[in-house]
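All remarks here apply to the structure that follows.
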Amino acid sequence: DAGVTQSPTHLIKTRGQQVTLRCSPKSGHDTVSWYQQALGQGPQFIFQYYEEEERQRGNFPDRFSGHQYPNYSSELNVNALLLGDSALYLCASSSRDRGNSPLHFGNGTRLTVT
Amino acid sequence: AQSVTQLGSHVSVSEGALVLLRCNYSSSVPPYLFWYVQYPNQGLQLLLKYTTGATLVKGINGFEAEFKKSETSFHLTKPSAHMSDAAEYFCAVSEDTGFQKLVFGTGTRLLVSP
Numbered sequence: 169d170a171g172v173t174q175s176p177t178h179l180i181k182t183r184g185q186q187v188t189l190r191c192s193p194k195s196g197h198d199t200v201s202w203y204q205q206a207l208g209q210g211p212q213f214i215f216q217y218y219e220e221e222e223r224q225r226g227n228f229p230d231r232f233s234g235h236q237y238p239n240y241s242s243e244l245n246v247n248a249l250l251l252g253d254s255a256l257y258l259c260a261s262s263s264r265d266r267g268n269s270p271l272h273f274g275n276g277t278r279l280t281v282t
Numbered sequence: 013a014q015s016v017t018q019l020g021s022h023v024s025v026s027e028g029a030l031v032l033l034r035c036n037y038s039s040s041v042p043p044y045l046f047w048y049v050q051y052p053n054q055g056l057q058l059l060l061k062y063t064t065g066a067t068l069v070k071g072i073n074g075f076e077a078e079f080k081k082s083e084t085s086f087h088l089t090k091p092s093a094h095m096s097d098a099a100e101y102f103c104a105v106s107e108d109t110g111f112q113k114l115v116f117g118t119g120t121r122l123l124v125s126p
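Taken in sequence, the protein lines are chains L and U.
All residue numbers for the first sequence refer to this note's numbering, where the first residue is 169 and numbers rise by one.
All residue numbers for the second sequence refer to this note's numbering, where the first residue is 13 and numbers rise by one.
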């Protein structure tokens, strides 16, 4: 049973560029959330997708956007990258149909902006 | 607004000693509380959670935590530390019954010496 998978594992981008990160949820899960973890900090909630719609959003600018596909996989897009966007981006999945199960996290994508 | 405070960015113990990691929370409604562990270059793994009911919660790997409403605390303990317990530990709170939007503390790095 595959857990949450994220790609790529590492990425280096230049300021001003755009990036797309991908996530496949754990089998049987239908809800995907994205978190940003800066170095030495705890993860911060970016947004959550369920039924292909953004359901909740944290305090992140519109440069951060996402998408969920019918197979429940998800993408996180960040436009006009800033140096401060360098972080570990974590995807987490859960199942709304199973009584609000806790989040299962992937290993993350390490984004470095130079 | 919810918040989590983890006292001590680093905690050092000897193998076999008691582990105590402190977490205090702030929430306007009865909270849902979580402890996650993060090993190097990995995502977060759920150790235990408190939703309702018994205030002493047992988790994986011998860890447990006690919800104390009067002290707004949810400290994590383990009677006897193992070398394999060395990792980063995060306390998190949610007011969302779907457990999607977690607010994390800044983490405590547990160091275990032989």
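Just so you know, even glycine gets a beta-carbon here, dropped at the ideal spot from N, CA and C.
When secondary structure is reduced to three states using DSSP, L/G196 falls in the coil class, being assigned neither helix nor strand. In the three-state DSSP reduction, L/L251 falls in the helix class (H, G or I). For L/F273, the nearest CB of chain U lies under 8 Å from its own CB, placing it at the interface with that chain.
Here the stretch 103-117 of chain U makes no contact with the stretch 64-72 of chain U; the two share fewer than three CB pairs at distances below 8 Å. Residue burial annotation: L/P238 is exposed, with fewer than 16 other C-beta atoms found within 10 angstroms of its C-beta.
The criterion of a C-beta distance shorter than 8 Å is not satisfied by L/G210 and U/F86.
With respect to L/S262, L/T173 sits apart: the two C-beta atoms are not nearer than 8 Å.
The three-state reading of DSSP puts L/R264 in helix, counting H, G and I together. U/G65 is bridged by DSSP to nothing; it lacks a bridge partner. By the Cβ rule, the stretch 250-261 of chain L counts as touching the stretch 200-219 of chain L, because three or more pairs are nearer than 8 Å. Residue pairing by DSSP places L/I180 opposite L/T280 in a beta bridge. Counting only Cβ-Cβ distances below 8 Å, L/P270 has contacts in chain U at F46, L58, K61 and F111, in chain order.
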